[in-house]
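Novice:
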Amino acid sequence: ETGVTQSPTHLIKTRGQQVTLRCSSQSGHNTVSWYQQALGQGPQFIFQYYREEENGRGNFPPRFSGLQFPNYSSELNVNALELDDSALYLCASSLALGGGAGELFFGEGSRLTVL
Amino acid sequence: AQSVTQLGSHVSVSEGALVLLRCNYSSSVPPYLFWYVQYPNQGLQLLLKYTSAATLVKGINDFEAEFKKSETSFHLTKPSAHMSDAAEYFCAVSSFGNEKLTFGTGTRLTIIP
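First to last, the protein sequences are chains Y and Z. Counting in the numbering used here, the first sequence runs from 3 upward without gaps. Counting in the numbering used here, the second sequence runs from 697 upward without gaps.
(1) When we look at the beta-carbon of Z:His706 and count the other beta-carbons within 10 Å, is it buried (16 or more) or exposed?
(2) The region 795-806 of chain Z: which residues have C-beta closer than 8 Å to a C-beta of chain Y, in chain order?
(3) With a Cβ-Cβ cutoff of 9 Å, do Y:Ser35 and Y:Ile48 count as a contact?
(4) For Y:Gln8 versus Y:Glu110, is the C-beta spacing smaller than 9 Å?
(5) With distance defined between alpha-carbon atoms, name the residue in Y:Gly18, Y:Ile14, Y:Cys25 nearest to Y:Val6.
(6) Give the residues from the region 737-752 of chain Z that approach chain Y closer than 8 Å (Cβ to any Cβ), ordered along the chain.
(7) Report, in whole angstroms, the separation of the C-beta atoms of Z:Thr803 and Z:Gln702, which I expect to be a contact under 8 Å.
(8) Using a cut-off of 9 Å between C-beta atoms, extract the partners of Y:Gln50 located in chain Z.
(9) According to a CB-to-CB cut-off of less than 9 Å, which residues of the region 16-41 of chain Y neighbour chain Z?
(10) Looking at the structure shown, is Y:Leu69 part of a helix, part of a strand, or coil, going by DSSP?
(11) Can you tell me whether Z:His652 is buried or exposed, with buried defined as 16 or more other CB within 10 angstroms of its CB?
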């Protein structure tokens, strides 16, 4: 069974640039969630995708966008990068069974540094 | 709105001593509660979860947590700390039909040899 994999693991960008982060979900999972974890903080929910549709969004501006593909992998795109976007971006996959409380399986994250 | 508060950003215990990490939640609906562990440079791993069944929940690596509605608490305990328990621990809350987690700010656990 393949776990959640994310790429790249580390990257450095400058203010104003755009970035794409990728996530392959665990085999059999149909839901992908993205979280932002700033240094010394808990993860914050960005958005969730279920069957290629956005299924809920946290308090993040529209320059944070995402996609989910038919194989349930996902991308997180961030435009017009700001210094405060520097963080660890975590992808989590789960199998939506209805009723919530499905276990989230997290990848190791992509660490983004914005200079 | 839901939230969790983790009391103590850093906790140090001696090897073999009791581990107690505190979490209080706020939720307008019956909550689902979780504890996750994060080792350095890794993602989060689920330790245990409460989903309205038994109030005492047992997880991996001898961790357990007790849901106390009257105190709105979900504290994490382990009878005997091991060096390998050194990590960051996060409490999180969600609600029925909702897999979007709200995390606390975390507690860094240090084990003293």
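We treat Cβ as the ideally placed atom computed from N, Cα and C, and that holds for glycine.
Specialist: The structure says:
(1) Counted from its first residue, the second sequence places residue 706 of chain Z at position 10. Z:His706 should be labelled exposed.
(2) Glu795, Lys796, Leu797, Thr798, Phe799, Gly800, Thr801, Gly802
(3) Counted from its first residue, the first sequence places residue 35 of chain Y at position 33. Counted from its first residue, the first sequence places residue 48 of chain Y at position 46. Cβ atoms of Y:Ser35 and Y:Ile48: closer than 9 Å.
(4) For this step, residue 8 of chain Y is matched to residue 6 along the first sequence. For this step, residue 110 of chain Y is matched to residue 108 along the first sequence. Against a cut-off of 9 Å, the Cβ pair of Y:Glu110 and Y:Gln8 comes out as a contact.
(5) As a working note, residue 6 of chain Y is residue 4 in the first sequence. Looking at the Cα atoms, Y:Cys25 is the closest of the given residues.
(6) Asn737, Gln738, Gly739, Leu740, Gln741, Leu742, Lys745, Thr747
(7) As a working mapping, residue 803 of chain Z is identified with position 107 in the second sequence. As a working mapping, residue 702 of chain Z is identified with position 6 in the second sequence. Rounded, the Cβ-Cβ distance is 5 Å, consistent with contact.
(8) What you label residue 50 of chain Y is simply residue 48 of the first sequence in a count that begins at 1. Listed along chain Z, the residues sitting closer than 9 Å to Y:Gln50 by beta-carbon distance are Glu795, Lys796.
(9) Of all residues in the region 16-41 of chain Y, only Thr33, Ser35, Tyr37, Gln39 come within less than 9 Å of chain Z when Cβ atoms are compared, listed by chain position.
(10) Numbered from 1 along the first sequence, position 67 holds the residue referred to as residue 69 of chain Y. Secondary structure at Y:Leu69: strand, using DSSP grouped into helix, strand and coil.
(11) Given a span of 697 to 809 for chain Z in the structure shown, any question on residue 652 of chain Z remains unanswerable.
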